[in-house]
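Novice: Residue numbering for the sequence shown follows the working numbering, starting at 2 and increasing by one per position.
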Amino acid sequence: MEKAKIKIPSDIEIAQNSDMKKITEIANELQITDDELEPYGHYKAKLSLNIFNRLKDKKDGKVILVTAINPTPAGEGKSTVTVGLGQALTKLGKKAVIAMREPSLGPTMGVKGGATGGGYSQVLPMEDINLHFTGDIHAITTANNALSALIDNHIQQGNTLNIDPRRIIWKRVLDMNDRALRKVVIGLGGPFQGVPREDGFDITVASEIMAIFCLASDLNDLKHRLSQIVVAFDYNKNPVTVKDLGVEGALTMLLKDAFKPNLVQTIEHTPAIIHGGPFANIAHGCNSVLATKMAAKLGDFVVTEAGFGADLGAEKFLNIKTRSLGIDPEAVVIVATIRALKMHGGVEKEKLTEENVQALQHGVTNLKKHIETIELFGLPYVVAINEFTSDTKAEIDFLQTWCDQHEIPVALTQVWEKGGDGGIQLAEKLLEVMEKKQTSFNHLYPLELSIEEKIRTIAQKVYGAKDIELSSTAKKQIQQFEGEGWAHLPICMAKTQYSLSDDPQKLGRPEGFIILIRELKPSIGAGFIVALTGDVMTMPGLPKKPAALQMDIDENGKAVGLF
2 MEKAKIKIPS DIEIAQNSDM KKITEIANEL QITDDELEPY GHYKAKLSLN
52 IFNRLKDKKD GKVILVTAIN PTPAGEGKST VTVGLGQALT KLGKKAVIAM
102 REPSLGPTMG VKGGATGGGY SQVLPMEDIN LHFTGDIHAI TTANNALSAL
152 IDNHIQQGNT LNIDPRRIIW KRVLDMNDRA LRKVVIGLGG PFQGVPREDG
202 FDITVASEIM AIFCLASDLN DLKHRLSQIV VAFDYNKNPV TVKDLGVEGA
252 LTMLLKDAFK PNLVQTIEHT PAIIHGGPFA NIAHGCNSVL ATKMAAKLGD
302 FVVTEAGFGA DLGAEKFLNI KTRSLGIDPE AVVIVATIRA LKMHGGVEKE
352 KLTEENVQAL QHGVTNLKKH IETIELFGLP YVVAINEFTS DTKAEIDFLQ
402 TWCDQHEIPV ALTQVWEKGG DGGIQLAEKL LEVMEKKQTS FNHLYPLELS
452 IEEKIRTIAQ KVYGAKDIEL SSTAKKQIQQ FEGEGWAHLP ICMAKTQYSL
502 SDDPQKLGRP EGFIILIREL KPSIGAGFIV ALTGDVMTMP GLPKKPAALQ
552 MDIDENGKAV GLF
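#1: Classify Asp12: buried if its beta carbon has 16 or more other beta carbons within 10 angstroms, exposed otherwise.
#2: Taking only three categories from DSSP, how would you classify Gln266?
#3: Which runs of the alpha helix (DSSP H) spanning at least 4 residues fall entirely within the segment 100–187, listed in chain order?
#4: Report the CB separation of Met211 from Ile141 in whole angstroms; it is logged as a contact under 8 Å.
#5: Taking 8 Å as the cut-off, does the CB of Asp555 come closer than this to any heavy atom belonging to the ligand SAH?
#6: First and last residue of the alpha helix (DSSP H) that includes Cys215?
#7: How would you call Gly87, buried or exposed, if buried means at least 16 neighbouring beta carbons within 10 angstroms?
#8: For the candidate residues Lys59, Asp422, Thr205 and Leu563, whose alpha-carbon lies nearest to that of Met538?
#9: Can you give the beta carbon distance from Leu326 to Lys294, rounded, assuming they're within the 8 Å contact cut?
#10: From the DSSP secondary-structure annotation, give me the bridge partner or partners of Asp553.
#11: Start and end of the alpha helix (DSSP H) containing Asn221?
#12: Have a look at Glu269, Ser218 and Asn145 and flag the residue whose alpha-carbon is nearest the alpha-carbon of Phe260.
#13: CB-CB under 7 Å to Phe514, same chain, minus the five flanking residues each way: which ones, in chain order?
#14: I'd like the span of the alpha helix (DSSP H) that includes Leu517, first residue to last.
#15: Within 8 Å, do at least three Cβ pairs link the segment 277–289 to the segment 309–322?
#16: Considering Cα atoms alone, identify which of Lys60, Glu355, Gly111 and Glu512 is closest to Ala548.
#17: What whole-angstrom Cβ distance do Arg519 and Ala475 have, given they're in contact under 8 Å?
#18: Can you check the segment 298–334 for any alpha helix (DSSP H) of at least 4 residues that lies completely inside it and give the ranges in chain order?
#19: For a quick check, are the C-beta atoms of Val186 and Asn145 less than 9 Å apart?
#20: Should Tyr44 go down as buried or exposed, given a rule of 16 or more other Cβ atoms within 10 Å for buried?
#21: DSSP on Ala281, reduced to helix/strand/coil?
#22: Please classify Val561 as buried or exposed, where buried requires at least 16 neighbouring CB atoms within 10 angstroms.
#23: Quick one: using the 10 Å Cβ neighbour count with 16 as the cut-off for buried, is Pro240 buried or exposed?
#24: Using 10 angstroms around the beta-carbon of Met2, count the other beta-carbons present and answer buried if the total reaches 16, otherwise exposed.
#25: Nearest to Arg168 by CA position, among Asp555, Asp20, Ile425 and Pro523, is which residue?
#26: Between Gly420, Tyr499, Pro511 and Ile375, which lies nearest to His363 when the distance is taken from Cα to Cα?
#27: Return the CA-CA distance between Tyr236 and Arg198, expressed in angstroms with no decimal places.
#28: Which of the three DSSP states, helix, strand or coil, is assigned to Met295?
#29: Using a threshold of 9 Å, state whether the C-beta atoms of Gly1 and Gly310 are closer than that.
#30: Spatial neighbours of Ser500 within its chain, please: CB distance less than 8 Å, with the 5 preceding and 5 following residues excluded, ordered by chain position.
#31: If distances are taken between C-alpha atoms only, which option among Thr305, Gly191 and Gly486 comes closest to Thr323?
#32: Are there 16 or more other CB atoms within 10 angstroms of the CB of Lys4, so buried, or fewer, so exposed?
#33: Are at least three pairs of beta-carbons, each pair with one atom in the segment 20–38 and one in the segment 262–270, less than 8 Å apart?
#34: Determine the closest residue to Ala100 out of Pro381, Leu50 and Gly300, with distance taken between C-alpha atoms.
#35: Just mark Lys6 as buried or exposed, buried being the case when its beta carbon has 16 or more other beta carbons within 10 Å.
#36: Determine the extent of the beta strand (DSSP E) in which Thr68 is found, giving its start and end residues.
This is how it looks when you write it as structure tokens:
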């Protein structure tokens, strides 16, 4: 007799059927006072920055970074493991706080879906977080576009700063994948409609204001960083900044409420602070410094994540964010999935659910490279095999045996299916490697290196590239940036997430490739130089069948099809 198929509930069904505590209860468990909590409804709240003053003498909790191998287009459950690990540490009696990014509507409505975890390792309220949440991303969009309007108005009203309209590098933004807005012409219609010029839109999470928002340590630092934004160059090719326009105060005012971190909870009521959401393929890919610092003051263990693979998110967390954070991470979790490793071994996306140990043997080289990268930073790590229902025993056994043979700490992780219970093995293994820690954290490069050498260091040591190639544009920009005194800044690489190289088709562990640097962008307020490689886009497009086609709402206001 054939077994009846068990219907596995969707992420949104699990979330909607979960019992949440009032956010005041979650805050009370963290000893947050009533004056420090600003509720947004019953289940989410803003946290006052006064918490830092009250807890300034408290020792910071230990920061654990969750990263991953190069993902498939659907993602590999890094957020799910982050949430599950936080829940598992809580089950082990540890005071854990999770710190994550806010999801962008672009991927939510596109192909990847939301970013609140999955299964029984989710942050709640899932619907709110994946949609408008507390309005932070809208505030960043507004501040960005207010600056655009002020730039164009300055030119219209006489242009006393001598801004060259052909050299305005500040773009408008929208929190949506909209390829039609990548290149636009504005100011058409005559002298009363503005000065005609070429413009374009980035996605909001690629805005420098998002990066600044996530790296600023307080309101004064936020205002100072905003003032340093280079928006254009004048006719003499000198940089024009927000400070020159005199509008940093107005921009800071638009961000003052959004700048407070957001408190929510997981399905198992572990506290989670969600704040900021830069992409890792086109920005630095980490939640805000404020969120991570606040989690470290409120908890003994902080589980945080950085976008995409260790070649992007982890590298930027460790080389960029830590320099603003002021807290060294204690350990790293590298999330790997059987299906992604099979893809790196040559299996097509449509056949990833079929058993293929041979492909796994070829694809495991991708995992090996990411492990080597984390070792370069002197950090202990654990590989988390994030189990999917399609994984077979033979495939799991192979990967666990491979890790054991290479003396790599590994834990099978079943947090999607079992919540915190499915992450106990990972949590225990992590605590074990942290206890045995023998090395100390170090950055990959000193800031005194030249711009070109910092880029080369990342390309060779993190990606495994043979070398870099600078376009003629990039060469001129390096010369100009060094002349402006910007050479000391760290580098933020904009690169495809699907490959260690700048070609998304080169999977596994490619060798002998060259990383092409086509242009550089000064993000002086954020405090880094962006190096754009390959064909990476700062405004993504929607797929042929976007996730939005499956979304709906019933007569009671309950969301359907969100994932």
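Yeah, the Cβ is synthetic: ideal placement off N, Cα and C, and Gly gets one too.
Specialist: In short:
#1: buried
#2: strand
#3: 106–110, 127–131 and 137–157
#4: 5 Å
#5: Absence of the ligand SAH is noted for the structure shown, with no ligands found whatsoever.
#6: Glu209 to Leu216
#7: buried
#8: Thr205
#9: 7 Å
#10: Val561
#11: Leu220 to Ser228
#12: Ser218
#13: Ala466, Lys467, Ser502 and Lys507
#14: Careful: Leu517 lies outside any alpha helix (DSSP H), inside the beta strand (DSSP E) at Ile515 to Ser524.
#15: yes
#16: Gly111
#17: 6 Å
#18: 323–326
#19: no
#20: buried
#21: coil
#22: exposed
#23: buried
#24: In this prediction, Met2 scores a pLDDT of 35, lower than 50, which makes its location untrustworthy; the coordinate-derived value is nonetheless stated afterwards. By the 10 Å Cβ count, Met2 comes out exposed.
#25: Pro523
#26: Pro511
#27: 15 Å
#28: helix
#29: Residue 1 lies beyond the stretch modelled for the chain, which goes from 2 to 564, so this question has no answer here.
#30: Asn71, Gln506, Lys507, Leu508 and Pro511
#31: Thr305
#32: Note that Lys4 scores a pLDDT of 38, beneath 50, so its modelled location is shaky and nothing firm can be said.
#33: yes
#34: Gly300
#35: Any reading at Lys6 must be qualified, since the residue scores a pLDDT of 44, below 50, and its modelled position is unreliable; the value itself is stated next. So Lys6 ends up on the exposed side.
#36: Lys63 to Ala69
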